[in-house]
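Notes for the one structure printed next.
There are 4 protein chains.
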Amino acid sequence: MIRTATLDEPEHGLTQDVLDATDVLLWWGHAAHDKVDDAVVARVRQRVWDGMGLLVMHSGHMSKIFRELNGTSGKLHWREVGELERVWCVDPAHPIAAGVPEHFDIPYEEMYGEPFMIAGDAHVIFMSWFEGGEVFRSGFTLQRGFGRMFYFRPGHEAFPTFRHPEVLKVLANGIRWLRPVIDMPFSKTHRPDPLSPIAPKDFKVHNVGIVNP
Amino acid sequence: MIRTATLDEPEHGLTQDVLDATDVLLWWGHAAHDKVDDAVVARVRQRVWDGMGLLVMHSGHMSKIFRELNGTSGKLHWREVGELERVWCVDPAHPIAAGVPEHFDIPYEEMYGEPFMIAGDAHVIFMSWFEGGEVFRSGFTLQRGFGRMFYFRPGHEAFPTFRHPEVLKVLANGIRWLRPVIDMPFSKTHRPDPLSPIAPKDFKVHNVGIVNP
Amino acid sequence: MIRTATLDEPEHGLTQDVLDATDVLLWWGHAAHDKVDDAVVARVRQRVWDGMGLLVMHSGHMSKIFRELNGTSGKLHWREVGELERVWCVDPAHPIAAGVPEHFDIPYEEMYGEPFMIAGDAHVIFMSWFEGGEVFRSGFTLQRGFGRMFYFRPGHEAFPTFRHPEVLKVLANGIRWLRPVIDMPFSKTHRPDPLSPIAPKDFKVHNVGIVNP
Amino acid sequence: MIRTATLDEPEHGLTQDVLDATDVLLWWGHAAHDKVDDAVVARVRQRVWDGMGLLVMHSGHMSKIFRELNGTSGKLHWREVGELERVWCVDPAHPIAAGVPEHFDIPYEEMYGEPFMIAGDAHVIFMSWFEGGEVFRSGFTLQRGFGRMFYFRPGHEAFPTFRHPEVLKVLANGIRWLRPVIDMPFSKTHRPDPLSPIAPKDFKVHNVGIVNP
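Residue numbers (my numbering), protein chains in the order written: chain D, 613 to 825; chain Z, 613 to 825; chain G, 613 to 825; chain V, 613 to 825.
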């Protein structure tokens, strides 16, 4: 089942009930990132930690959720003249690349250029070449907690990118790959009894001050 | 020069001026993580992205700044009975391990146990064995933007851990390694002119609606 | 279908035909690593690069194939007194951890201790605690070319480790996860024609000597 | 002190004595990779594991040493027409990028294209854009054992690339960064006595056959 949720809805349509029933969330945003409520972002982030998949598209690189999962600013350089983007697959063995050719062209796109401020464990699957002279890590995955994220760059609102067959294939593969492997909260942080014997110590824990054995 | 900053000070003592003059910030916190102001946390995070080093100690794994740089919950399991912790060095070639033996013992410490919810690019330098039966990734580094973070686990407030010579050596090495390599903001996100010629396209960018070439 | 192949067979039973028909290869070896023929190792390595899964067990950490895929020596420290090994799962969301509890005990095992000389992209799923005081990264995955490797530590020949239900579960999960995603040689290294126009240059390529434009 | 060593010398000029006295080794090779003696390659690899730095240039991606340290085939696609290469810096905070601009152009170079078969822990510092339409991970580091490797792509023998000021700056930075942090063999694999007490077990280790407790 596919639902939509928009900024204008109460809680942006992302209530706890909706999120709890969501396996994979697709996120597209552009000019209104700072209008997204922090509490909703925290809720989405918790769901990713619990196992929900998250697919962030295009300008979503500046969304709060993208930045908080990367731990970075998400910044990059950009140009909006409608130039050729050629997408290269650098990890053909990844399930998200299944059936995708070595490269494919998107005739008109916005340019995003490096350096792209993302986490060091970004597993890069796609890299883009732009007609005007830049390169970009256009598709990468992250794991955060029990959940996975996939970022895919193409998708400017002024071009028919989301009708491009290879783009659609990547997104479909991404959604399939993002389905939760496990979907449950981190086991309640507990104070386990020792599993192995602990030798007697010559002090008392929990006295005031620093122990001076 | 060494300064201190505490929760009770205005802006927790971490004003923009103080942070701008800081190369490496050490962070220790325990029960009051949620009393730390979000605006101050955002300011510290920005300084890390610009190049400042950050050394997070012990219970700082639940601080807002640790969680936001990892993109994870920072959760773990724990036990506070004052048991033996043996710290193993798993990357002897790292500058933070310089002069540190293959392993060293801390006779009384709090236990932290796996799974530890941290980022996938955590470069693990130290791993701990606990008398009661657990293991833990006790020392690791991250890069976020232009800055570096080092997390080091030992340091419970009830024990004289910060007088342990090997612990002090690791912290000193950490501070040295965390000094900024470069320290400047990410170049203003710009819209560069094309570096290479872009062929004429048969549409106008910036018309309303999706281009249908 | 399951086959076996042993050192004493011609080509150790790992002919090109057998390997071509193999999805996942399990490797156990101990005292005779240097008796394994280099040509056979190169053949196995090529099959991993083409997509075959490889599960290396226990003392296989010193096999030629393990060392060549890691690019490291595979060294570690060890003790053979039959002590308790407690295996902790540090990535419960990984398919290889499916159904495996937070930790399980193997009552008698050989000890392997850190530092373990493995590749930096080892994705660690299991870590072990040993009764005598050591820790170890006991289960990790690597990708090399189109294929995947999984290393799992337990399995000393003097103990009934391979009858332990959790060990068997991990191995079964590992085999399932190692099945090839794609299984084909890297596309013949080709000299593609330019995809985008290359401006005329004022020199001739392939003259003798360094071009001095 | 700088020395040279060539294929035609005995042991290719890389005797044990020479290597033991080497902090950083630069490797350039092209057509004769398979003429390099396996024993010499094993010796170089061991020195990297012990701490020696290794800088591999251009077509060295198909050298035995590059492939053995990556654990991969080192393959890529290529074209030799003398086209523009634009090198982008994607990690400006890395010491190897010190003083290097956001991008620089090499007017005539051979093209190398993705997918580039390298290890997953390649830390990418430079990425290249080629006039004919390809992208490439042109500069990356690896750690193997106690030593570091840096690969840098530019350097085709038919062009004056090694006179390009930015290329020379990258190489100089690389050499500086590759100097050993520690330089010693991995501690002799030992059989340590237990550090913590091991409970008596009800079997004898080293009997013939599998213990059946």
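Ideal placement from N, C-alpha and C gives every residue a C-beta, glycine not left out.
Of the residues the options, the one placed nearest residue i, counting alpha carbons only
i: Z/Gly752; options: Z/Asp635, Z/Met761, Z/Glu743 and Z/Val736; result: Per the sequence shown, the amino acid found at residue 752 of chain Z is Phe instead of Gly. The shortest Cα separation from Z/Phe752 among Z/Asp635, Z/Met761, Z/Glu743 and Z/Val736 belongs to Z/Val736.
i: D/Asp795; options: D/Met739, D/Gln658 and D/Arg803; result: D/Gln658
i: Z/Arg760; options: Z/Glu680, Z/Ile730, Z/Pro804 and Z/Leu667; result: Z/Leu667
i: G/Gly732; options: G/Val779, G/Val656 and G/Gly683; result: G/Gly683
i: Z/Val712; options: Z/Phe742, Z/Leu780 and Z/Ala643; result: Z/Leu780
i: G/Val656; options: G/Lys647, G/Leu631, G/Gly672 and G/Arg679; result: G/Leu631
i: G/Leu754; options: G/Phe678, G/Lys647, G/Glu623 and G/Ser671; result: G/Phe678
i: V/Pro777; options: V/Ile718, V/Met613, V/Pro806 and V/Arg803; result: V/Ile718
i: V/Lys676; options: V/Glu714, V/Pro797 and V/Lys647; result: V/Lys647
i: Z/Asp814; options: D/Ala710, D/Ser740 and D/Phe771; result: D/Phe771
Residue i versus residue j: straight-line alpha-carbon distance, rounded
i: V/Thr852; j: V/Glu621; result: Any question about residue 852 of chain V goes unanswered here, given that chain V covers just 613 to 825.
i: Z/Asp629; j: V/Thr618; result: 56 Å
i: G/Asp703; j: G/Tyr763; result: 15 Å
i: G/Ala654; j: V/His706; result: 35 Å
i: Z/Cys701; j: G/Tyr720; result: 25 Å
i: D/Gly625; j: D/Val793; result: 25 Å
i: V/Gly672; j: V/Ala784; result: 18 Å
i: G/Ile810; j: V/Ser740; result: 16 Å
i: G/Pro727; j: V/Thr634; result: 25 Å
i: D/Phe774; j: D/Ala710; result: 18 Å
i: G/Val782; j: G/Ile614; result: 18 Å
i: Z/Pro804; j: G/Ala734; result: 38 Å
i: V/Met664; j: D/Arg765; result: 39 Å
i: D/Val820; j: V/Pro806; result: Caution applies to D/Val820, whose pLDDT of 44 falls short of 50 and renders its modelled position unreliable; the model cannot decide the point.
i: G/Pro812; j: Z/Glu714; result: 60 Å
i: Z/Glu623; j: Z/Pro797; result: 22 Å
Residue i and residue j closer than 8 Å at C-beta
i: Z/Gly725; j: Z/Glu695; result: no
i: D/Arg791; j: D/Val652; result: no
i: Z/Met854; j: Z/Gly686; result: Outside the displayed span of chain Z (613 to 825) sits residue 854 of chain Z, for which this structure offers no information.
i: G/Ser799; j: V/Gly744; result: no
i: G/Trp789; j: G/Ile730; result: no
i: V/Val660; j: V/Leu638; result: no
i: V/Glu697; j: V/Phe742; result: yes
i: D/His645; j: D/Glu769; result: no
i: G/Asp662; j: G/Gly757; result: yes
Presumed contact (8 Å Cβ cut-off) between residue i and residue j, rounded CB distance
i: D/Met723; j: D/Arg691; result: 4 Å
i: V/Gly786; j: V/Trp640; result: Not really, about 13 Å apart at Cβ, beyond 8 Å.
i: D/Thr801; j: Z/His689; result: 6 Å
i: V/Val693; j: V/Phe716; result: Wrong, their Cβ atoms sit about 20 Å apart, outside the cutoff.
Range covered by the beta strand (DSSP E) that runs through residue i
i: G/Glu721; result: His715 to Gly725
i: G/Glu692; result: His689 to Cys701
i: V/Trp741; result: His735 to Phe742
i: V/Arg749; result: Val747 to Arg756
i: D/Phe764; result: Gly759 to Phe764
i: D/Leu637; result: Val636 to Trp639
Boundaries (first-last residue) of the alpha helix (DSSP H) holding residue i
i: D/Glu778; result: Pro777 to Leu790
i: G/Leu619; result: Neither: G/Leu619 is in no alpha helix (DSSP H) and is coded neither H nor E.
i: D/Val630; result: Gln628 to Asp632
i: G/Val653; result: Asp650 to Asp662
i: D/Leu667; result: Counting along the chain, D/Leu667 falls outside any alpha helix (DSSP H), though it belongs to the beta strand (DSSP E) covering Gly665 to Met669.
i: G/Arg679; result: Lys676 to Asn682
beta-carbon residue i near the ligand COA non-hydrogen atom, thresh 7 Å
i: G/Lys647; result: For the structure depicted, the ligand COA is absent and the ligand set is empty, with no information on it obtainable.
Please list, in chain order, the residues of the stretch 705-719 of chain V that have any C-beta partner in chain B closer than 9 Å. Checking the listed chains, one finds no chain B in this structure; the protein chains it contains are D, Z, G and V.
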